[in-house]
Each structure stands twice: as structure tokens, then as C-alpha cells.
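Scroll down for the structure; my scribbles are underneath it.
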Amino acid sequence: MQDPSPWWPVAVLAAGAGATYVWRGLGVALSGRLSPEDKLFDWVACVAYALLAGLIARMILLPSGPLAVLPLSDRAGAAILAFVMFFLLKRNLLLGIASGVLALMILAWARGGGV
Amino acid sequence: MPQKKTPPIRTLDFGGPGPAFRAGLRLAFGVPATVLGASYVGFGAMVHQAGLELWHGVASVVTAWALPGQIALVDLYGDGASLLAIAIAVAVTNARLLPMAITLVPLMRSPGTPRWRYYLAAHFIAVTGWALAMRDCPALPAAQRLPYFAGVVLVLWCVSMLGASLGFFLVGGVPAYVTLGLVFLNPVYFMLVIAGDVRIPSRVIAALLGAVAGPLLYLATPDWSLLLTGLGAGSLAYALGRARPSWR
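Taken in sequence, the protein lines are chains A and B. Using numbering that gives the first Met the number 0, you'd call the opening residue of the first sequence number 0 and step up by one each time. Using numbering that gives the first Met the number 0, you'd call the opening residue of the second sequence number 0 and step up by one each time.
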């Protein structure tokens, strides 16, 4: 995007692969030496949850991609509906996701095909 | 993952490594493959909308198969983030793979297995296959555990690639409002997975603080907002959990 070089996506993917496998490989090396009950991992989990929740909230509230064509009320409304349906339907993941996604599609369609 | 509630299995024996591998293949078809495949359809749509090629999306599944990190990578790429910011965000998102590998690898150990096989198997540790292996491996004879896990993750891995490809192609052939729905799929999916995982209060607090801090910090510093959100909100939630033992 910012860089027209065809190697830019490759560099990004390679960085992503390295940043992913490093934990898996380290996990094999450390297995048997470090306990998964270690307090360190409680902190790691909290940091990862906060980061992921922050990313998700941003993707819904301040999207950088095509979702930005829809008003905030549509994106937030569909997300809230998914949330409510998920808990009403005894935490059914498939139905929760389906209600949110369908609601967003209907809102986008009602606004003239989404563009 | 919505799994059928199975009573705790005391012992499980498929009769050898080959049948255990095939049992793993069979188990992964069904709900696990459906949910994961649908999520990767959303991922494929995101890949397309971020301006990447199909092979970039498939290569991401092949080399870094863990959906939250892949979503972060594609979203930040589309946003024009720097390489360092992307690498750090992916690393922090995927740090949970370390304790997951540390827990699962000892369960899969079997005498006489060369060490490199564990390093290869570790490449496939991601939440769906990990949860299934954690559930079933203790009940299996040691020699069948690694083959069973291999069968499970092979199906899930292939379904992920197929889903990503399907999502990528769908974007070109469906109306714009369907594309928007596909791109919306993964934020909603992870929102619900996090919302449904309320066993540990400090993680709930981390997610709530992160959801508030993420968009706000993004307005201040787009490149570093994720790292700051994770470290700030996550450490605060962890500290609160230590201060109030009932919140851990």
C-alpha cells in the first residue's frame, strides 16, 4: 500500500511468520522446564486479551478498510445485536456471529448496496 | 468452540499410530472445521480488501497459522503500519502460543520420537486443534498422540486455506454488502469468543480495558496503539487481579 515494492507484503508475511513460530518453538524448548501455571503466563494472557480486544474494538469502531463506508451506528448496532443474541441463545457462537453478520449485510443493503 | 459435551474419557485406543491419525482426521471434520472454515472465509475477504494477493493469504496460513495474529497482520498492513509495529503486534497477539505449546508438548511425548517432530508439530499448535488434543491425548496410548494431533490439525489447516481462498474469490463475485458482512465476520467472532470466556476475571477486565483503550490510543498513535493497549490495559488488569485474589 504505502510501498509499491512487491517485496513489501513478503517482508510483512515473513515478519509475521517469525513472530508466530518463535513462541511455538520456544514452547517446545521450554516444555518440561517452565510450568504453564507460571504467573508470567497470567500476565502474558492479560496483555494478549487486552491487545486483541483493543484491535477488535478498533476494527468495529474505527475500521481502516471497507467497513468505513458504513456509519458507526450500523457497525456498532450489528455488533451489539450479535452480543445480545449470543447470550440470549445460551452462548451459541454460530448463531451469534450469523445475527451480527446478517444484520450488517441488511443495513448495508438498505443503504444502497453498501457503497 | 461449541463442542458436544462428552463425558471424560478414561482411555481411548485406536489400535496404532495410523488409525489414530485417521481418527484425528475424522474428528476435525464437523463443527471444528465448519467454524474455522467460516472464520477463514472472513480472513480471505480481509486479505482481498487490504490489497493483498490470494497467495499472500494462503502463505499466511501456511507459515503463521493462528487467526488472531493473521487478522492483526492483514489489518495493520492495510492500514499502512511499519514492519516493526506489525511484527510486535503479531508477536504480542500470539504470545499465548508459548504456554499452549508448553502444556501440550509433554502430553505428546513418546519414547523414540525424534525431537524435530515436536518442533514440526508445534508449528500447528493453534487454539482449535490444541483444545481437542488437550482433551483426548491424555486418554490415548503415548504412540498414538502425535499422529492423532497431526490428523486433527491437517484437516483444520487445509480447511483454513480453502476458506481463505473461498473468501478471497467471493469478494470479487458477490455484491458489496455481502463483502462487508464477510469482513465483519472476524471482529464479531473474536468479540464473542472473548465475551464468552469469562472464567478468569482479570482477563475480562483486560479485555474491557483494552476495548476502551484500543480505539482511543489509535486516535493518538495509530502505529503503537496496539502495543500500548496490550501492555497498559493488560498489565493494569493483571495488577488488579494480583491485588484482589478473587479476580485472578
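Even glycine gets a Cβ: it sits at the ideal position worked out from N, Cα and C.
Any Cβ of chain A within less than 8 Å of the Cβ of residue i?
| i | result |
| --- | --- |
| S109 (chain B) | no |
| L26 (chain B) | no |
| P105 (chain B) | yes |
| F42 (chain B) | no |
| A149 (chain B) | no |
On the three-state DSSP scale, how would you describe residue i?
| i | result |
| --- | --- |
| L33 (chain A) | strand |
| I101 (chain B) | helix |
| T19 (chain A) | helix |
| I105 (chain A) | helix |
| R110 (chain A) | coil |
| F28 (chain B) | coil |
| L69 (chain A) | coil |
| V60 (chain B) | helix |
Can you check whether the CB of residue j is closer than 8 Å to the CB of residue i?
| i | j | result |
| --- | --- | --- |
| L184 (chain B) | S38 (chain B) | yes |
| G233 (chain B) | V21 (chain A) | no |
| G99 (chain A) | A81 (chain A) | yes |
| Y76 (chain B) | L53 (chain B) | no |
| L94 (chain A) | L88 (chain A) | yes |
| V182 (chain B) | L71 (chain A) | no |
| I79 (chain A) | V187 (chain B) | no |
Checking contacts by CB at 8 Å: is residue i closer than that to chain B?
| i | result |
| --- | --- |
| V83 (chain A) | no |
| G95 (chain A) | yes |
| I115 (chain A) | Outside the displayed range of chain A (0 to 114) lies residue 115 (chain A), so it cannot be described from this structure. |
| L88 (chain A) | no |
| P70 (chain A) | no |
| W42 (chain A) | yes |
Spell out whether any CB of chain E is found under 8 Å from the CB atom of residue i.
| i | result |
| --- | --- |
| T127 (chain B) | No chain E appears in the structure shown, which is made up of the protein chains A and B. |
Rounded to the nearest angstrom, what separates residue i and residue j at their Cα positions?
| i | j | result |
| --- | --- | --- |
| I193 (chain B) | A44 (chain A) | 12 Å |
| A109 (chain A) | R57 (chain A) | 24 Å |
| R90 (chain A) | S4 (chain A) | 45 Å |
| Q48 (chain B) | Y237 (chain B) | 36 Å |
| A86 (chain B) | F123 (chain B) | 19 Å |
| L153 (chain B) | R243 (chain B) | 42 Å |
| V35 (chain B) | R241 (chain B) | Contrary to the premise, residue 35 (chain B) reads as Leu rather than Val in this sequence. Going by the C-alpha atoms only, they are around 34 Å apart. |
| A205 (chain B) | G15 (chain B) | 44 Å |
| L96 (chain B) | A65 (chain B) | 9 Å |
| M160 (chain B) | I70 (chain B) | 14 Å |
| A14 (chain A) | A94 (chain B) | 15 Å |
| G229 (chain B) | W223 (chain B) | 10 Å |
| L207 (chain B) | L239 (chain B) | 13 Å |
| C136 (chain B) | V57 (chain B) | 29 Å |
| L139 (chain B) | R108 (chain B) | 12 Å |
| A28 (chain A) | W7 (chain A) | 31 Å |
Name the chain B residues that come within less than 7 Å of residue i, Cβ to Cβ?
| i | result |
| --- | --- |
| G24 (chain A) | Y118, A121 |
| A16 (chain A) | T62, A63 |
What does residue i reach in chain A if we use C-beta pairs closer than 9 Å?
| i | result |
| --- | --- |
| M99 (chain B) | W22, R23, G26, P35 |
Residues of chain A with CB under 7 Å from residue i, in chain order?
| i | result |
| --- | --- |
| D135 (chain B) | Within 7 Å Cβ-Cβ: nothing; D135 (chain B) doesn't reach chain A, min ~18 Å. |
| V187 (chain B) | A78, A81, I96, G99, V100 |
| S164 (chain B) | Those within 7 Å of S164 (chain B) in chain A number zero; the least Cβ separation is about 16 Å. |
| Y217 (chain B) | R57, L61 |
Which bits of chain A does residue i rub up against, with CB to CB less than 8 Å?
| i | result |
| --- | --- |
| P18 (chain B) | None at all; the shortest Cβ gap to chain A is about 26 Å. |
| A210 (chain B) | A52, G53, I55, A56 |
So which residues of chain B does residue i contact, with C-beta pairs closer than 8 Å?
| i | result |
| --- | --- |
| A67 (chain A) | In chain order: nothing, as chain B lies at least about 10 Å away. |
| A10 (chain A) | L82 |
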